[in-house]
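*Asks:* The structure that follows is given in the form of structure tokens.
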Amino acid sequence: MLSRAMPSNVEIKAKVSDPEEFAKMAVQLSQSEGTIIRQHDTFFNCSRGRLKLRDFMNGSGQLIFYERPDTDGPKLSRYSISPTSDPPGLKVVLSDALGVKGEVRKERRLFLIGQTRVHLDTVEGLGHFMELEDGQGSSLKTI
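Each residue of the sequence shown is one higher than the last, beginning at 813 in the working numbering.
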């Protein structure tokens, strides 16, 4: 079996009570209105970590395997991503093989501040959330 070191990033997630104010601050810090990304994530049963298929609702998607602790605060996430041009077809195969654990639909507004990806998510049925992702773990302290 081939083995390789997986890329990693540091993530912080939290519920947002005032999405308009959060967006206003993100626009100021990023000097950008952000990019809107619509996503439909399907999570599959797997023996370790998490496996999800992200459908960008435009004919493209990503199969993402990741390992991240279920704790509060900053978390180290190790991941592996493979692009796909047929998210619906891949969803059928993975659903049959592994079973679906859950699904999440969201609209993500992405801002870039230095090396940090700042997400403002509107999650269907759950509300508003923010996520900070930093591949280096270095610029999170400045936000």
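Heads up, the beta-carbon is just placed ideally off N, CA and C, and yes, glycines get one too. In this text, all values refer to a predicted model and were calculated from it rather than measured experimentally.
In angstroms with no decimal places, state the Cα-to-Cα distance between A835 and F855.
*Replies:* 28 Å
*Asks:* For K913, which residues of its own chain have a beta-carbon under 7 Å away from its beta-carbon, when the five flanking residues on both sides are left out?
*Replies:* F855, F856, N857
*Asks:* Counting only the same chain and skipping the five closest in sequence on each side, list residues whose C-beta sits under 6 Å from that of R880.
*Replies:* K887, S889
*Asks:* Pick out the complete alpha helix (DSSP H) segments inside the stretch 899-926, 4 residues or longer, and give them in chain order.
*Replies:* Contiguous alpha helix (DSSP H) elements confined to the stretch 899-926 occur at 899-910, taking only those with 4 or more residues.
*Asks:* With a CB to CB cut of under 6 Å and the five nearest residues on each side skipped, what residues in its chain are close to S892?
*Replies:* Exclusion of the five residues before and after S892 leaves M818, F877 as the residues of its chain whose Cβ lies within less than 6 Å of its Cβ.
*Asks:* Beta carbon of H931, beta carbon of E919: below 7 Å?
*Replies:* No, Cβ-Cβ distance for H931 and E919 is not below 7 Å.
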